[in-house]
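So in this note's numbering, spot 99 of the sequence shown is number 1257, and the numbers just go up one at a time.
Below: the structure, in structure tokens.
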Amino acid sequence: MKVFLTGGTGFIGSRVATQLRGRGDEVVALVRTPSKAEALEETGCDLVAGDLGDVDAIRAAMSDCQAVIHAAAMYEVGIKKTQHPAMYQANVVGTRNVLGAALDLQVPRCIHVSTIGVFGDTKGEVVDETAFSNLATFGTYYEETKHQAHLVALELIARGLPCIIVMPGVTYGPHDPSAMGQLIERFIAKKLPALPLPTLGGNYGHRDDIVSGILLALDKGRTGESYILGGEIARQKEFVAKLAAHLGRKPPRDLPTGLLKAIALLGPVVGPLLDLPPNLHEATASDGATFWGIHEKATRELGYSPRNIDEGIKDLLAAV
């Protein structure tokens, strides 16, 4: 199968590319700067220069593909409002450009990589795919734009796009550039004296499991359906406590969210000093929130079988 892939240089997308190539699929990867995508080229991917706003490049690269995996997104929490337009263009307009081209070109199989964050705060409940709602409220602009992108995918599905939506939870693994990856790296390096957002709740899935779920959805998913791809439900402090146990150390003390909120106006100055984003108002909005979803549907229909946190941390530490 020949697959058009966006986000191939990202944390999840790069492993998607590797796994596709490993099983013999051709991969056409849209990248901004091919000269900076050597790892993709080494796996045998065909690189096409362009970004999510370049409709002509997208359509030309996709024209003879049998499948599309749209994994690209701008993922950052606590951004300044001046960055909102760029995030909207990448996450919402970019999704319309990619999936809209797939509909026009009648690509027979599409995967849209959404997120459990499109549910908003589940308020302590572990929800399933039916919890998606236009009434959801969001603490970050990332969640808001991914919710809008999810709606774009649903709109195009209603118009005939043969698309399956996957919704990963908190994804972790070696060499993760996200805030979660940086937090793990700082703790391993003994540079995390206090843990921010300790009560933030997530469904923690190892990157390799999330990628396996994406490929299972590509192969077995039912058109028009959505699948949560998670791992184990936990609070952030519980995840870090398990990490500490594997390292034979004590977990860090909690960093009071109230303190961060009190100094939020100083975020552009204080944030970088604490390895936190500049917009502390947004960064602290999710403390106590839960992004909890059950992946029973993916297990039942796709054969998705993620590892638990202890197994995932063991694999992560073996790779760093």
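Where a beta carbon is used, it is the ideal one built from N, C-alpha and C, also for glycine.
- Ser1384 sits in a strand when the DSSP states are folded into three classes.
- A distance of 8 Å or more separates the beta carbons of Gly1363 and Leu1460.
- Remark: C-beta atoms of Val1189 and Ala1197 do not approach each other more closely than 8 Å.
- For Gly1470, the closest C-alpha among the options Thr1201, Ile1342 and Arg1411 is that of Ile1342.
- In this structure the stretch 1230 to 1245 lies against the stretch 1299 to 1307, because at least three pairs of beta carbons, one per stretch, are closer than 8 Å.
- Burial check for Lys1400: the Cβ neighbour count within 10 Å reaches 16 or more, so the residue is buried.
- Collapsing the DSSP output to three states places Asn1249 in a helix.
- Look at the beta carbons and you see the stretch 1379 to 1388 not touching the stretch 1342 to 1357: under three pairs across the two are nearer than 8 Å.
- In this structure, DSSP gives Asp1473 a helical state, which the three-state scheme calls helix.
- Three or more pairs of CB atoms, one per stretch, sit closer than 8 Å, so the stretch 1256 to 1270 contacts the stretch 1211 to 1224.
- Between the C-alpha atoms of Ala1225 and Asp1286 there is a straight-line separation of about 26 Å.
- Residue Arg1465 holds the alpha-carbon nearest to the alpha-carbon of Arg1365 among Arg1465, Val1206 and Val1186.
- Fully contained in the stretch 1351 to 1416 are the following beta strand (DSSP E) runs of length 3 or more, in chain order: 1359 to 1364, 1384 to 1387 and 1390 to 1393.
- Within the DSSP secondary-structure output, Val1324 pairs in a beta bridge with Val1271 and Tyr1385.
- Nearest in C-alpha terms to Ile1391, of all of Gly1451, Thr1164, Thr1381 and Ala1219, is Gly1451.
- With a cut-off of 8 Å on Cβ pairs, the stretch 1275 to 1282 is not in contact with the stretch 1220 to 1239, counting fewer than three such pairs.
- Within 10 angstroms of the beta-carbon of His1333 lie fewer than 16 other beta-carbons, which makes it exposed.
- Excluding residues up to 5 positions away in sequence, Glu1234 lie with their Cβ nearer than 8 Å to the Cβ of Gln1241 in the same chain.
- Between Ser1444 and Phe1169, the C-beta gap is not smaller than 8 Å, which leaves the two residues out of contact.
- Between the stretch 1408 to 1415 and the stretch 1319 to 1332 there are fewer than three inter-stretch CB-CB distances shorter than 8 Å, so the stretches are not counted as touching.
- Rounded to the nearest angstrom, the Cβ distance from Ile1269 to Gly1327 is 17 Å, too far for a contact under 8 Å.
- Only exposed fits Gly1406, as fewer than 16 other CB atoms lie within 10 angstroms of its CB.
- Comparing alpha carbon positions, the residue from Ala1231, Gln1177, Thr1442 and Gly1182 closest to Val1250 is Ala1231.
- For Ile1237, the three-state secondary structure derived from DSSP is coil.
- For Asn1361, the closest C-alpha among the options Tyr1330, Leu1373 and His1308 is that of Tyr1330.
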